[in-house]
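If you read the sequence shown in my numbering, its first letter stands for residue 1, the second for the next number, and so on. The C-beta atom is built at its ideal place from N, Cα and C for all residues, glycine as well. This structure is a prediction, so every number in the text was calculated from the model and none was measured. Remarks on the structure that follows.
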Amino acid sequence: MLYKYFKYGLLLLSLATISMGCSSKEDSAPASGESLVISGSLNAAASNKLFSKSLLALSSQSIDVSELEIYGLAFSDPPEVQTVELESDGSFTLTFSSAAAGAPISLIFRYKSTSAKAGEQVGVVKFVDDSEKDIDGDSSSSSSIALSGTVSLGNLNINDDGEVEVPVTQISSNIANKEVDSSSGFNFTGNWIFKEFDKTLPSGYSQVCAANDNNCNGPAVDMPIHLVRIDGKKYNADSTCQAAANNETFDADSDTCGGTTGSEDKYMIQVWQSETARTTCGGLLGFKNEAAKAYANIDFSSSGVTEGEFTWSAGFTDGWKATNATSSHDQYNCGPAQVTDSNNKKYQGWKCTDTSGDYQINLEGGCVDANNQPVHVTDWENITPDNCNSAAVTGLTGYQENTCVYTNEDPDGAGGELSAMNFTCKHIYGQFDSDDSPDTDNSFDWSDVESNPIVANGANCSSITANTDEKIIAQLQCYADYLWQQNLENDDSKCIRRVELNWGATDPNEFVLKSNGPPRAMTLFVLSKFNYDSSSSGYFEDGDVYYRGIQTGDSWTNCKVKENFRMTFKKRDSSTLVGEMVQEMVLLDTGKEACVAAKESSDNELEIGSSKSLMLLKKQ
């Protein structure tokens, strides 16, 4: 749980598996010309009802295993791709050439080319090692593995997260040597820039983004990064320390992790925006060594890198709120709200309050076409309904559900993906007096809201009178907006704390999402445990869950998403790495029509989707 996200501009770039070469140790491999075969069987009964990442949205569905294929990629140079369809009983035999031995291999189950859902992913194979720990203390797992010979994965099941777990103990005899000492393993520390891949791309892969393409999600040509490998030793925590780590009660500020330091080399990787950015943040580990011992079972005391969390630049409260922050617009007394009906169903909404305390709430809604399929409307200003009607909402006293019918209207405007069509939009709203009773005399005054912003354009965010939860959140939003407007996220002359935000939070304590570990800097894209999985390969991978908001008429809907990522590097020579990046953003809120519609729209407002790209990295 040491940190992960690789950000380019305002776009999130996901990293993961890294393959590096140069070890004096030799791996066993198939005899010359002998194929490397991976076999197994996907349990048809267990997979008949599962949570799938099909369409990149977790949803319960039935799957016929005979409609699936297994797709495998061996990250040799050039990469080798193999696919084979599953038999009716779920069994498969996937054959690679002998060149795949020792190269990281990743496997996914997906719909085969003749299926109506061709290419949709239903499960990714994860290799789980209970003897090793991630930085967050969980069992180590990877979506790639280097093999020295033919293996059987046995009987497999897809779990609720769309993952197929394979214990490494089941295939340990044919795992390529993964113990790489610090003197023989390729040390990737240095400054690098991205370049286009110079060989034929495998099916389904793309190049890196063009230089200066801000609409492309990923690294771009000539984008610089600074890589740092930090060396440690395997740490054998005693039972007291391990129990505290497992229960997440270990406190590195006050606790000492008992145990012994072993001889096996272990590693961490940092990926910075630049070497300057690292220097600005003090060149530190980013955490205390006792935390690494407890949670990752690694001792970095002999790494030569000073332990400790980063020290944030002066002028930032809590590491991210600029003390001189100003509002970029008139900010009204409006903000997120949550309403619960008599059946305990929760609704998200947007609440505006006038100076008398009367208020209006617009709750989440959505639009559907004649076939009840979600429609993503973005051009609200230029569409006109044929008619609208309202009806009281059962279980929500004082609220009305407004239904508007649109005929031959274009939901996304000229130049959009959609054309003129018929659709219906619904949303729930209510007006209330200051005592929370329904506003029967229409006393709520919107013009009063507009005339009395809680902070004016150009005024200091600190000037907001933060005496209620709503105004505290408004002030936090003001600080966050300033951070983005001033592009401070990419300023390598400042060390600013990275924060993931929940703009739909109604509790100020939930506006900044809890970090999965010690705080990291804006300019630190990745801080993670690094594992060599053979003498010429290694990996780091992870993901996170956060929120994205979309407009739904007069309100906003908060959509929960999950990011997964993996990246692979392979040493070609002393100044060139071949890289593979796999990035996936999954929608978790599949029960919200507006979120589903946004996911399926051409403008991809939620950035839902998956991508695979190949690239070169050139050392500078």
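| Asked | Found |
| --- | --- |
| Give me the Cβ distance between residue 232 and residue 303, rounded to the nearest whole Å; I'm assuming they're in contact under 8 Å. | 6 Å |
| Assuming residue 361 contacts residue 345 under a Cβ cut-off of 8 Å, what Cβ separation, rounded to an integer in Å, is found between them? | Contact doesn't hold; Cβ gap of about 15 Å is too wide. |
| For a quick check, are the C-beta atoms of residue 558 and residue 503 less than 8 Å apart? | yes |
| By Cβ distance, which residues of its chain are closer than 7 Å to residue 613, with the 5 residues on each side in sequence left out? | 205, 206, 207, 208, 218, 581 |
| So the candidates are 531, 154, 365; which of them puts its Cα closest to the Cα of residue 594? | 365 |
| Since residue 491 and residue 328 are thought to touch, with beta carbons under 8 Å apart, how far apart are those beta carbons, to the nearest angstrom? | About 17 Å separates the two Cβ atoms, so there is no contact after all. |
| Ignoring anything shorter than 3 residues or poking outside the region 358–400, list the beta strand (DSSP E) runs there in chain order. | 359–369, 387–392 |
| Going straight from the alpha carbon of residue 258 to that of residue 618, what length do you get? | 42 Å |
| Within its chain, find whatever has a CB closer than 7 Å to the CB of residue 189; leave out the 5 residues flanking it on each side and keep chain order. | 227, 228, 229 |
| How about residue 445 and residue 354: are their beta carbons less than 8 Å apart? | yes |
| Grouping DSSP H, G and I as helix and E and B as strand, with all else coil, what is residue 73? | strand |
| Drop a sphere of 10 angstroms on the beta-carbon of residue 357, count the other beta-carbons inside from all chains shown, and report buried for 16 or more, exposed for fewer. | exposed |
| Taking its Cβ as the centre, do 16 or more other Cβ atoms sit within 10 Å of residue 116, making it buried, or is it exposed? | exposed |
| Are the region 193–200 and the region 238–253 touching, with three or more C-beta to C-beta distances below 8 Å? | no |
| Use the C-beta contact count for residue 514: other C-beta atoms within 10 angstroms, 16 or more gives buried, fewer gives exposed. | exposed |
| Under 8 Å, do residue 400 and residue 391 count as touching if we go by C-beta distance? | yes |
| Does the Cβ of residue 545 have 16 or more other Cβ atoms within 10 Å, making it buried, or fewer, making it exposed? | exposed |
| Excluding sequence positions up to five away, which residues of its chain have a Cβ less than 6 Å from the Cβ of residue 489? | 522 |
| Under a Cβ-count criterion, where at least 16 other Cβ atoms within 10 Å of its own Cβ denotes burial, should residue 620 be classed as buried or exposed? | exposed |
| Is residue 620 helix, strand or coil when you go by DSSP? | coil |
| Can you find the residues in the same chain that come closer than 7 Å, C-beta to C-beta, to residue 434, ignoring five residues on each side of it along the sequence? | 356, 357, 358 |
| Tell me where the alpha helix (DSSP H) around residue 241 begins and ends. | 239–246 |
| Expressed to the nearest angstrom, what Euclidean distance is found between the alpha-carbon atoms of residue 309 and residue 527? | 12 Å |
| Alpha carbon to alpha carbon, what distance is there between residue 529 and residue 166? | 21 Å |
| For residue 501, report the span of its beta strand (DSSP E) as first-last. | Where residue 501 is concerned, there is no enclosing beta strand (DSSP E), given that its DSSP letter is neither H nor E. |
| By alpha-carbon positions, which one of 90, 131, 148, 105 ends up nearest to residue 157? | 90 |
| Kindly provide the ranges of any beta strand (DSSP E) runs that are 3 or more residues long and lie completely inside the region 248–294, ordered along the chain. | 259–272 |
| Is the region 427–441 in contact with the region 459–476, if contact means three or more CB pairs nearer than 8 Å? | no |
| Would you tell me roughly how many angstroms separate the C-alpha atoms of residue 573 and residue 192, rounded to the nearest one? | 13 Å |
| Which of helix, strand or coil does DSSP assign to residue 199? | coil |
| Grouping DSSP H, G and I as helix and E and B as strand, with all else coil, what is residue 409? | strand |
| I need the DSSP call for residue 79, collapsed to helix, strand or coil. | coil |
| Our contact map puts residue 281 next to residue 478 with C-beta atoms below 8 Å; I'd like the distance itself, whole angstroms only. | Contact flag wrong, Cβ pair sits at about 25 Å. |
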